[in-house]
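In the numbering used here, the protein residues as written are 872 to 1304. Glycine is no exception: its CB is placed at the ideal position from the N, C-alpha and C atoms. The structure under discussion appears below in the form of structure tokens.
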Amino acid sequence: MISVGIKVLEKLEALYKFPVKNSDSAFFQSKSLTLIYDVAVYLVDSKCLKPRHQDTITLQRFVTFSTESLVSYMFPLDGRNSLRESMISLRRTDALKNALRQVVFEYTRSKNKPSFGDIGRIAMIILGTGKLNSELYAKLLKKLDSHSNLRAFIIFLCETFGRGEIIYVSIMLPFRKEVKVNGRVIYDYMSPGCFLYILERLLIWAALTQGYVLTTSSCFIEWLISQDEDSRLNFIVEEDRSPSLEGILELTINDCISEKKDMIEWLEKSDKNWKKHYPLYILRLVVLLCLLYVNFGLSLDTLFDFLGRSYVAEQLPCDFVDTLRRGWSHDSLRRDNSPISNVSALAAALKKDDNDSVFASFRQDCSCTPHNSLSSNVNALAAALKKVDNDLVIASFRRDCSKLCCSDAIFIDMTANQCKDDILRKIVSKEAD
872 MISVGIKVLE KLEALYKFPV KNSDSAFFQS KSLTLIYDVA VYLVDSKCLK PRHQDTITLQ
932 RFVTFSTESL VSYMFPLDGR NSLRESMISL RRTDALKNAL RQVVFEYTRS KNKPSFGDIG
992 RIAMIILGTG KLNSELYAKL LKKLDSHSNL RAFIIFLCET FGRGEIIYVS IMLPFRKEVK
1052 VNGRVIYDYM SPGCFLYILE RLLIWAALTQ GYVLTTSSCF IEWLISQDED SRLNFIVEED
1112 RSPSLEGILE LTINDCISEK KDMIEWLEKS DKNWKKHYPL YILRLVVLLC LLYVNFGLSL
1172 DTLFDFLGRS YVAEQLPCDF VDTLRRGWSH DSLRRDNSPI SNVSALAAAL KKDDNDSVFA
1232 SFRQDCSCTP HNSLSSNVNA LAAALKKVDN DLVIASFRRD CSKLCCSDAI FIDMTANQCK
1292 DDILRKIVSK EAD
């Protein structure tokens, strides 16, 4: 039985490595990895089988190989790659969630000390799959007993997730920390992809508390699929929160963009293909900065400063930069820097970079400003995001946002007791148009 199982695993591994040249290649490879995990874990956990020591090592290799590989497929650097219906469906299966959580389980068994890299991956998995079961959660906290800040951050993620309420901690994980090894100072890095993923989710949480959210559709789907699989979505958002989280996020993003030398050093140590991926990192950081401004009405001076720096602008799509500069002209920004007035320009820019914005209203009335002005801004944002294949989503939770509807945006009435399947289907079908 063991020998037959290992042969099956070898065939599945060969299938995974077989080159598939079509748009669904990531799905086929991810599905193969999920099957490898299922078969290997079944053989490892079977009570009626008695594998030899070498067989146990082989099976464990398949478990580790499949789960580690799945992380990169499920959390790609370009989040737009996750907008395909096949990938979303796979992400929601118990088999896939169990495979990703296996990474957390393997970490709790490791004798290695906690690192920022480990915590970043674990945080991303928690955010992407939902709450850990109580046994795994307890093991993870025990592993972090002597690391209070990291432990507090994991508690924040696990005990907040899926409940709708927002709890803030006083720490924000930096992307690196200094560690002394044999008298030398080295840096322990969280991977850039994990770090950006965490920032994007924290921004959504911060915005939820004020009653509406502007984010990219890829980020909105990430948030949505991680929620509990209830028959209806009925989120209760606490309005009392620390007012400083958006400020912390802004400073963190600004530091990442402005410190070019540190940024490149970070990428070199974390990503062997960093030169190829560098434009994506810069784009995600700039989009995060834009989203901060439209959600919280912060000053846009820093954004225009960055867009004026060649090492930033040259990494961004020309249409994206041009649309931002046209829509958010400096003079108009100084006259009106409200979140709503900046929506259209960001939407237009993001549309040109396949990362449409998502506008979700929770408690505040989305139609609280003059209808014509607000609608025109939303129209512009939707048109821009359309150009980057990441449509604007207008999701109304407890206030009527139907007046904001436009042809280029996706409107979702969350008060209509729609199930998650209906919402995802609406977003994915619109993206495919």
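- G1179 is classed as exposed because its beta carbon has fewer than 16 other beta carbons within 10 Å across all chains shown.
- Ranked by how close their Cα comes to the Cα of A970, the residues N1020, F976, T938 and R955 have T938 in first place.
- M995 and E1030 have their C-alpha atoms spaced approximately 15 Å apart.
- Look at V891 here: in three-state DSSP terms it is coil, with no helix or strand label.
- Bounds of the alpha helix (DSSP H) holding D916 are S896 to D916.
- For D1284, the enclosing beta strand (DSSP E) stretches over residues A1280 to D1284.
- In this structure, I1096 lies near R963, with their beta-carbon atoms less than 7 Å apart.
- Residues of the same chain with a CB within less than 7 Å of the CB of N1125, apart from the 5 flanking positions on each side, are T1173 in chain order.
- Here the alpha carbons of I1281 and F1066 stand approximately 28 Å from one another.
- Counted as a single uninterrupted DSSP element, the beta strand (DSSP E) harbouring A1266 occupies residues L1263 to S1267.
- A straight-line Cα-Cα distance of about 11 Å links Y1152 and S1062.
- DSSP, reduced to helix, strand and coil, places T1080 outside both helices and strands of the structure shown, so it counts as coil.
- At a Cβ-Cβ threshold of 7 Å, S903 and L886 count as neighbours.
- Across the structure, V1157 and R951 are spaced so that their CA atoms are roughly 16 Å apart.
- Annotated as proximal: L1011 and T979, with beta-carbon spacing under 7 Å.
- R932: member of the alpha helix (DSSP H) spanning H924 to M945, first to last residue.
- With a 10 Å radius around the Cβ and a threshold of 16 neighbouring Cβ atoms, Y913 comes out exposed.
- If you keep only unbroken alpha helix (DSSP H) runs of at least 4 residues inside the segment 961-1037, you get 965-980, 987-1000, 1005-1014 and 1019-1031.
- L1195 sits buried, since 16 or more C-beta atoms from the chains shown fall within 10 Å of its C-beta.
- Per DSSP, reduced to three states, the secondary structure at L1085 is strand.
- CA-CA distance, E1071 to C1161, rounds to 12 Å.
- Here the segment 894-908 lies against the segment 954-962, with 3 or more beta-carbon pairs under 8 Å apart.
- For the options A1266, P947, I1128 and V915, the alpha carbon positioned closest to that of D1284 is the one of A1266.
- Within its own chain, the residues whose Cβ lies closer than 6 Å to the Cβ of I990, once the five positions on either side in sequence are excluded, are L1021, listed in chain order.
- In the three-state reduction of the DSSP assignment, R955 falls in the coil class.
- Secondary structure of C1127 (DSSP, three-state): helix.
- Judged by beta-carbon spacing, L948 lies beyond the 7 Å limit of G876, meaning their Cβ atoms are not closer than that value.
- About 7 Å separates the CB atoms of D1262 and D1279; that is less than 8 Å, so the two are in contact.
- When the alpha-carbon of V1084 is set against those of L1163, L941, Y1060 and A1023, the nearest one is in L1163.
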